[in-house]
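Residue numbers (our numbering), protein chains in the order written: chain A, 1 to 260; chain B, 261 to 552. In what follows, a single structure is set out as structure tokens and then discussed.
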């Protein structure tokens, strides 16, 4: 029963995948599309399997940057949010600025972090990923901590419960779904942020620097293989956060949409 | 009666008061940021901080130097920096605006399609989600080559890259928004023999607007990021992305120029965001409570 439902949920997606790859391969081979325009999936697969060791090495390098940035940015975002949400006035005063700051193209600051830290280090990319993660987490956690129903607080007060216990028993559970929504966004941002920051100069052990170099040397099969690694790692990161969310918010009803 | 007459002017004063308070707050925040920057800089230089980064005049130029740099010529033949940067911002803004329009329209169309078919949603939505983990900016050079082969000018290619970054939040918000209509309202319209199309435009679409606008606010920023980063592999020098690359090369001599460029880029991002917020205020009068 469970298995049948699973299959029904995923079969259409699988069908689209197979059909998509088939069409792509047929299109490239049938119409003799030049390889610099669009390499065939089979050619990308060859590049992927023959460079596997190097590709995973690059991917791991970049993934460490993304993970470090994610950890730093999200921790800072949560801590600041807890401080700010503690004082209502401070929260409502600062929120518009945090939201506006989120509209700043932060990746464009990558050349500056490259100048601050050695561009060959992981730190220079981690900082960009961290700043990218900070704002959505901060904004969402503040929202979550403040979306507690007044009746719940009043009930707790009527039991003469301390501020800290209210925080633990009421505010944190209310804020968790908000937090995880932000963490999912942040996981994707951290990965993309690290890769794009590497375009502005970085170690050749890294994915982004290699994608840029291969694309400019017209080695598109390898560039695509690197993009596949980046996507696999990005999807893995995202799914890990989703799994963590399911564990942490078991009482919440599941949403239908995967990405929302 | 008397109390009403006394209270009325007070009520009219409130927006003015609020505006003044907001202005003061903005000033306070800016002064605070300025103080933090200059304070950190002064302490760092005085004590010779090497961590987290070496604090000196190159890594942290004075804020007044960044502003001052806007009104100077980077080299004797060049126009004032602010003129160059405003032109670049207009160029990038045009790419981003076109990309935003394409991405928002396309995203809404895809979202509306997926919202009406379970099957399509199951088949395609995982890829819409997965598409976001693909560093599109990585294939930006290829996108430019593809589109150049069908005679598309480079700046339009950059707009396509911006559109790709724009469409995802809109798709998700459209699906959620179109499905958020109250079942009773849908049933009521059905009982009046309204067809699917009428239900979509008269009921589902207005209900989806708040969702849509919260997505458009995210997309506004994404389109600017897409335009700035997309310019790099396309070797377009006229926009902000080109300016950032250019000044990044001279960072050790004139750090304030890169900072000034990034200030303009930040301002462009915030301006785009505010335009969407203003449009939302005009279109959506009432705010449903459950929109994140």
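Each residue gets a CB set at the ideal place from its N, CA and C atoms; glycine is no exception. What you are looking at is a predicted structure, and each value in this text was computed from that prediction instead of being measured.
### Task
Go through its chain and collect everything with a Cβ distance to residue 485 of chain B's Cβ below 7 Å, but skip five positions before and after it.
Here residue 485 of chain B refers to the residue found at position 225 of the second chain. Cβ neighbours of residue 485 of chain B beyond the five flanking positions: 425.
### Query
Quick one, which of A:223, A:169, A:109, A:196 has its alpha-carbon nearest residue 515 of chain B's?
To locate residue 515 of chain B, count along the second chain from 1; it is residue 255. Nearest Cα to residue 515 of chain B within the set A:223, A:169, A:109, A:196: A:109.
### Task
List the residues of chain A that residue 285 of chain B touches, going by C-beta distances under 7 Å, in chain order.
Taking the first residue of the second chain as position 1, residue 285 of chain B is located at position 25. 93, listed in chain order.
### Query
If you run the structure through DSSP and keep just helix, strand and coil, what is residue 330 of chain B?
The residue you call residue 330 of chain B lines up with position 70 of the second chain. It is helical.
### Query
residue 465 of chain B lies in the alpha helix (DSSP H); which residues open and close that run?
Mapped onto the second chain, residue 465 of chain B falls at position 205. Judged by DSSP secondary structure, residue 465 of chain B falls within the alpha helix (DSSP H) whose first and last residues are 465-490.
### Message
Below 7 Å, is the gap between the Cβ of residue 132 of chain A and the nearest heavy atom of the ligand HEM?
### Response
This structure does not include the ligand HEM; it has no bound ligands of any sort.
### Query
With burial defined as no fewer than 16 other Cβ atoms inside 10 Å of the residue's Cβ, what is the status of residue 295 of chain B: buried or exposed?
Translated into positions along the second chain, residue 295 of chain B becomes position 35. Exposed: under 16 other Cβ atoms inside 10 Å.
### Query
In chain B, what lies closer than 7 Å to residue 191 of chain A by C-beta?
Mapped onto the first chain, residue 191 of chain A falls at position 191. Counting only Cβ-Cβ distances below 7 Å, residue 191 of chain A has contacts in chain B at 393, in chain order.
### Task
Look at residue 103 of chain A and residue 530 of chain B and say whether their C-beta atoms are less than 8 Å apart.
On the first chain, position 103 is the one that residue 103 of chain A refers to. On the second chain, position 270 is the one that residue 530 of chain B refers to. Yes, these two residues count as a Cβ contact at 8 Å.
### Task
Would you mind giving the Cβ-Cβ distance between residue 422 of chain B and residue 491 of chain B, rounded to the nearest angstrom? I have them listed as a contact below 8 Å.
As a first step, residue 422 of chain B is located in the second chain; it is residue number 162 there, counting from the start. As a first step, residue 491 of chain B is located in the second chain; it is residue number 231 there, counting from the start. Between residue 422 of chain B and residue 491 of chain B a beta carbon distance of about 10 Å is seen, past the 8 Å cut, so the two are scored as non-contacting.
### Query
In terms of alpha-carbon separation, which member of B:498, B:383, B:472 lies closest to residue 437 of chain B?
Against the second chain, residue 437 of chain B aligns to sequence position 177. Between residue 437 of chain B and the set B:498, B:383, B:472, the nearest pair of CA atoms involves B:472.
### Task
Taking residue 144 of chain A as the reference, give the member of A:114, A:121, A:175 with the closest Cα.
Counted from its first residue, the first chain places residue 144 of chain A at position 144. Each of A:114, A:121, A:175 was checked against the Cα of residue 144 of chain A, and the nearest Cα belongs to A:175.
#### Entry: residue 69 of chain A to residue 121 of chain A span [Cα, whole Å]
The sequence position of residue 69 of chain A within the first chain is 69, counting from 1. The sequence position of residue 121 of chain A within the first chain is 121, counting from 1. For the pair residue 69 of chain A and residue 121 of chain A, the Cα-to-Cα distance works out to about 13 Å.
### Query
Considering only C-alpha positions, which residue in the set B:372, B:358, B:365, B:366 is nearest to residue 416 of chain B?
If you number the second chain from 1, residue 416 of chain B lands on position 156. Closest in alpha carbon position to residue 416 of chain B, among B:372, B:358, B:365, B:366, is B:358.
### Alpha-carbon to alpha-carbon, residue 277 of chain B and residue 265 of chain B
Within the second chain, numbered from 1, the residue matching residue 265 of chain B stands at position 5. Within the second chain, numbered from 1, the residue matching residue 277 of chain B stands at position 17. Because the pLDDT at residue 265 of chain B is just 46, under 50, the model does not fix this residue reliably, and the point stays unresolved.
### Query
Within this structure, are the beta carbons of residue 195 of chain A and residue 126 of chain A separated by less than 8 Å?
Start at 1 with the first residue of the first chain, and residue 195 of chain A comes out as number 195. Start at 1 with the first residue of the first chain, and residue 126 of chain A comes out as number 126. Their beta carbons are not under 8 Å apart, which means residue 195 of chain A does not touch residue 126 of chain A by this criterion.
### Query
CA-CA distance, residue 467 of chain B and residue 441 of chain B?
Against the second chain, residue 467 of chain B aligns to sequence position 207. Against the second chain, residue 441 of chain B aligns to sequence position 181. Near 6 Å, if we compare the C-alpha coordinates of residue 441 of chain B and residue 467 of chain B.
### Query
Are the stretch 175-194 of chain A and the stretch 123-139 of chain A in contact at 8 Å, needing three or more beta carbon pairs?
The answer is yes - the stretch 123-139 of chain A touches the stretch 175-194 of chain A, with three or more Cβ pairs under 8 Å.
### Query
Roughly how many angstroms lie between the CA atoms of residue 39 of chain A and residue 233 of chain A, to the nearest whole one?
Translated into the one-based positions of the first chain, residue 39 of chain A becomes position 39. Translated into the one-based positions of the first chain, residue 233 of chain A becomes position 233. Taking C-alpha positions only, residue 39 of chain A is separated from residue 233 of chain A by approximately 22 Å.
### Query
How should residue 239 of chain A be labelled, buried or exposed, when 16 other C-beta atoms within 10 angstroms of its C-beta is the threshold for buried?
In the first chain, the residue the question calls residue 239 of chain A occupies position 239. Burial call: exposed.
### Message
For a contact defined as C-beta to C-beta under 7 Å, what are the partners of residue 382 of chain B on chain A?
### Response
For the purposes of this step, residue 382 of chain B is identified with residue 122 of the second chain, where counting begins at 1. For residue 382 of chain B, the chain A residues whose Cβ falls inside 7 Å of its Cβ are 9, 12, 13, in order along the chain.
### Query
Considering only the beta carbon of each residue, do residue 42 of chain A and residue 25 of chain A sit closer than 8 Å?
As a first step, residue 42 of chain A must be located in the first chain, where it is residue number 42. As a first step, residue 25 of chain A must be located in the first chain, where it is residue number 25. The answer is yes: Cβ separation under 8 Å.
#### Entry: Where residue 244 of chain A falls: helix, strand or coil (DSSP)
For this step, residue 244 of chain A is matched to residue 244 along the first chain. Residue 244 of chain A falls in the helix class under three-state DSSP.
### Message
Taking the alpha carbon of residue 283 of chain B as the reference point, which residue from A:96, A:231, A:52 has its own alpha carbon closest?
### Response
Within the second chain, residue 283 of chain B is the residue found at index 23, counting from 1. Among A:96, A:231, A:52, the Cα nearest to that of residue 283 of chain B belongs to A:96.
### Query
In whole angstroms, what separates the C-alpha of residue 226 of chain A from that of residue 17 of chain A?
Reading the first chain from its first residue, position 226 is the one you call residue 226 of chain A. Reading the first chain from its first residue, position 17 is the one you call residue 17 of chain A. The straight-line gap from Cα to Cα measures roughly 19 Å.
### Task
Measure the beta-carbon distance from residue 111 of chain A to residue 511 of chain B and round it to whole angstroms, keeping in mind my assumption that it falls under 8 Å.
Here residue 111 of chain A is taken as the residue at index 111 of the first chain, counted from 1. Here residue 511 of chain B is taken as the residue at index 251 of the second chain, counted from 1. Going by Cβ atoms, the distance from residue 111 of chain A to residue 511 of chain B rounds to 7 Å, so yes, they are a contact pair.
### Query
If you draw a straight line from the C-alpha of residue 338 of chain A to the C-alpha of residue 207 of chain A, how long is it?
Residue 338 of chain A lies beyond the range of chain A shown here (1 to 260); nothing can be said about it.
### Message
Does the structure place the stretch 211-218 of chain A close enough to the stretch 371-385 of chain B that three or more beta carbon pairs sit under 8 Å?
### Response
When Cβ pairs closer than 8 Å are counted between the two stretches, the stretch 371-385 of chain B is seen not to touch the stretch 211-218 of chain A, the count staying below three.
#### Entry: Span of the alpha helix (DSSP H) around residue 46 of chain A
Walking along the first chain from the start, residue 46 of chain A turns up at place 46. Boundaries of the alpha helix (DSSP H) harbouring residue 46 of chain A: 41-50, taken from the DSSP string.
### Burial state of residue 462 of chain B (16 or more Cβ within 10 Å)
Sequence index remark: in the second chain, residue 462 of chain B carries index 202 (1-based). That one is exposed.
### Query
Are the C-beta of residue 522 of chain B and some C-beta of chain A separated by less than 8 Å?
On the second chain, residue 522 of chain B is found 262 positions in, with the first residue counted as 1. At least one chain A Cβ lies under 8 Å of residue 522 of chain B.
#### Entry: chain A residues whose Cβ lies nearer than 8 Å to that of residue 390 of chain B
In the second chain, residue 390 of chain B corresponds to position 130, counting from 1. The contacting residues are 231, 235.
### Task
Return yes when the Cβ of residue 107 of chain A is within less than 8 Å of the Cβ of residue 186 of chain A, no when it is not.
Taking the first chain and counting its residues from 1, one reaches residue 186 of chain A at position 186. Taking the first chain and counting its residues from 1, one reaches residue 107 of chain A at position 107. Contact flag unset, no.
#### Entry: Proximal residues to residue 188 of chain A (C-beta, below 7 Å), its chain only, five neighbours per side dropped
For this step, residue 188 of chain A is matched to residue 188 along the first chain. Within the same chain, residue 188 of chain A has close Cβ partners 234, 238.
### Message
Which residues in chain A have a C-beta closer than 9 Å to the C-beta of residue 518 of chain B? List them in chain order.
### Response
Counted from its first residue, the second chain places residue 518 of chain B at position 258. Chain A residues near residue 518 of chain B: 111, 112, 115.
### Query
Using the beta-carbon count (16 or more within 10 Å), is residue 291 of chain B buried or exposed?
Reading the second chain from its first residue, position 31 is the one you call residue 291 of chain B. In this structure residue 291 of chain B is exposed. Its beta-carbon is surrounded by fewer than 16 other beta-carbon atoms within 10 angstroms.
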